[in-house]
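Trainee:
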Amino acid sequence: VYEANHTEVSEFVFLGLSTSRPMQHFLLAFSTVFYVTIVLGNLLVVFTVTFDSQLHSPMYFLLANLSFIGLCLSTLLVPKMICDLYSGQNTISFQGCVIQIFVLHVLSGSEMVLLIAMALDRYVDICKPLHYLTIMSPHMCIWLLVGSWVIGLIHSVVQLAFIVSLDFCGPNEIDSFYCDLPLFIKLACTNTYKLEFMVTANSGLISMGTFLLVFSYIFILVTVWKHSSGGLSKAFSTLSAHITVVVLFFGPCIFIYVWPFSMVPVDKFLAILDSLITPILNPAMYTLRNKDMKMAMRRLSSRFLSLRKI
Numbered sequence: 001v002y003e004a005n006h007t008e009v010s011e012f013v014f015l016g017l018s019t020s021r022p023m024q025h026f027l028l029a030f031s032t033v034f035y036v037t038i039v040l041g042n043l044l045v046v047f048t049v050t051f052d053s054q055l056h057s058p059m060y061f062l063l064a065n066l067s068f069i070g071l072c073l074s075t076l077l078v079p080k081m082i083c084d085l086y087s088g089q090n091t092i093s094f095q096g097c098v099i100q101i102f103v104l105h106v107l108s109g110s111e112m113v114l115l116i117a118m119a120l121d122r123y124v125d126i127c128k129p130l131h132y133l134t135i136m137s138p139h140m141c142i143w144l145l146v147g148s149w150v151i152g153l154i155h156s157v158v159q160l161a162f163i164v165s166l167d168f169c170g171p172n173e174i175d176s177f178y179c180d181l182p183l184f185i186k187l188a189c190t191n192t193y194k195l196e197f198m199v200t201a202n203s204g205l206i207s208m209g210t211f212l213l214v215f216s217y218i219f220i221l222v223t224v225w226k227h228s229s230g231g232l233s234k235a236f237s238t239l240s241a242h243i244t245v246v247v248l249f250f251g252p253c254i255f256i257y258v259w260p261f262s263m264v265p266v267d268k269f270l271a272i273l274d275s276l277i278t279p280i281l282n283p284a285m286y287t288l289r290n291k292d293m294k295m296a297m298r299r300l301s302s303r304f305l306s307l308r309k310i
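Residue numbers (the UniProt record's numbering): 1 to 310.
(1) Smallest Cα separation from D180: which of F215, V103 and D84?
(2) Whose CA, out of C141, T190, L55 and V98, lies closest to the CA of A119?
(3) May I ask which residues mark the beginning and end of the alpha helix (DSSP H) holding S110?
(4) Under a three-way DSSP split, which group does T91 fall into?
(5) Does DSSP classify V36 as helix, strand or coil?
(6) Going by DSSP in three states, F197 sits in which element: helix, strand or coil?
(7) Considering only their Cβ atoms, is the gap separating L239 from Y217 smaller than 8 Å?
(8) Just list the residues that DSSP pairs I174 with in beta bridges.
(9) Could you name the residues of the same chain whose beta carbon sits closer than 6 Å to that of G70, not counting the 5 residues immediately before and after it, in chain order?
(10) For S10, collect the residues of the same chain with a Cβ closer than 8 Å to its Cβ; drop the 5 residues on either side in sequence, then sort them by chain order.
(11) If you run the structure through DSSP and keep just helix, strand and coil, what is residue 311?
(12) Can you tell which of L15, T19 and S57 has the C-alpha that lies nearest to the C-alpha of H139?
(13) So what's L166 in DSSP terms, helix, strand or just coil?
Here it is as structure tokens:
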């Protein structure tokens with residue numbers, strides 16, 4: 001009996017978003033349409049910035065990388081969810097679950113730092129325009145990008161170092177559609193109180209600290225208002241997209257990792273928000289309200305059509 005109760009878990013079962021088959025069919029169609037939109041929208045941003053020389057500036061360089069990370073994050077989670085909804089087999093191996101957690105936190109940590117870099121870029125552009133090209137040089141942009149990936153990697157490795165030694169002897173059901181640390185840790189056989197505190201300190205406090213970006217944007221707006229009230233509307237128009245993305249990205253992170261009371265329906269909604277809605281809003285917010293991006297997309301499409309005629 002002892003051995004039967006302490007067998008090592010080799011796979012986990014996702015309980016998914018709903019047990020209702022009609023609802024699963026709706027979610028399958030919904031997630032498929034949204035994922036295709038995410039892929040097309042973010043790739044369009046990356047290709048437009050890459051191939052249009054007029055967009056080779058720090059802001060668009062960081063934006064293209066933000067879109068790339070958003071695409072990777074969504075691709076990590078959504079195709080697996082679509083396959084599970086289609087087949088009804090909601091399982092993942094133990095190794096697959098750990099890999100999903102690791103990659104998820106590498107990408108999320110990188111995106112957090114990249115959003116900080118974008119806030120720095122907007123601050124320098126609006127508050128120190130004469131020094132913009134000096135401060136936000138190509139070398140600085142590369143260092144900011146490399147730094148974001150390194151910090152994301154360190155953040156994820158620290159989390160992984162604590163969970164690989166945990167024992168899992170059952171149950172093996174995860175009440176979500178993907179693996180993440182809070183739900184994964186709760187399935188461990190050993191006492192995980194200290195580990196849960198570490199996860200909160202690592203992920204939660206990073207999220208809360210970075211959420212202070214919103215206040216940095218407010219500082220930028222106040223600075224602009226003091227120097228030129230006429231430039232306030234222009235600055236607000238530029239920063240509103242950034243503020244919206246920051247709130248939508250960090251709001252769910254703070255709730256999932258810092259909020260002490262688990263509310264499964266809310267957590268699932270926030271997971272859908274992070275994996276399906278936010279990756280669509282990133283390209284939409286930064287392109288549909290940006291004249292330079294819209295003009296670049298027209299130029300790119302006209303070049304593509306001219307090549308097809310040839």
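Glycine included, each C-beta is placed from N, C-alpha and C at the ideal position.
Mentor: From the atom records:
(1) Position 180 of the sequence shown holds residue 180. Checking every option, the nearest Cα to that of D180 belongs to V103.
(2) For the purposes of this step, residue 119 is taken as residue 119 along the sequence shown, with counting starting at 1. Looking at the Cα atoms, C141 is the closest of the given residues.
(3) As a first step, residue 110 must be located in the sequence shown, where it is residue number 110. Counting along the chain, S110 sits inside the alpha helix (DSSP H) bounded by residues F94 to C127.
(4) As a working mapping, residue 91 is identified with position 91 in the sequence shown. In the structure shown, the three-state DSSP call for T91 is strand.
(5) For this step, residue 36 is matched to residue 36 along the sequence shown. The answer is helix: DSSP assigns V36 an H, G or I state.
(6) By one-based count along the sequence shown, residue 197 stands at place 197. In this structure, F197 counts as helix in the three-state DSSP scheme.
(7) The residue you call residue 217 lines up with position 217 of the sequence shown. The residue you call residue 239 lines up with position 239 of the sequence shown. Yes. Within cutoff.
(8) In the sequence shown, the residue the question calls residue 174 occupies position 174. F14, per the DSSP bridge assignment.
(9) Taking the first residue of the sequence shown as position 1, residue 70 is located at position 70. Closer than 6 Å at the Cβ level, and outside the excluded window around G70, lie N42, P279 and N282.
(10) For the purposes of this step, residue 10 is taken as residue 10 along the sequence shown, with counting starting at 1. The answer, listed in chain order, is S93 and F94.
(11) In the structure as shown, the chain begins at 1 and stops at 310. Residue 311 is therefore absent and cannot be evaluated.
(12) Mapped onto the sequence shown, residue 139 falls at position 139. Measuring from the Cα of H139, the nearest candidate turns out to be S57.
(13) Working through the sequence shown from its first residue, we reach residue 166 at position 166. Residue state, collapsed to three classes: coil.
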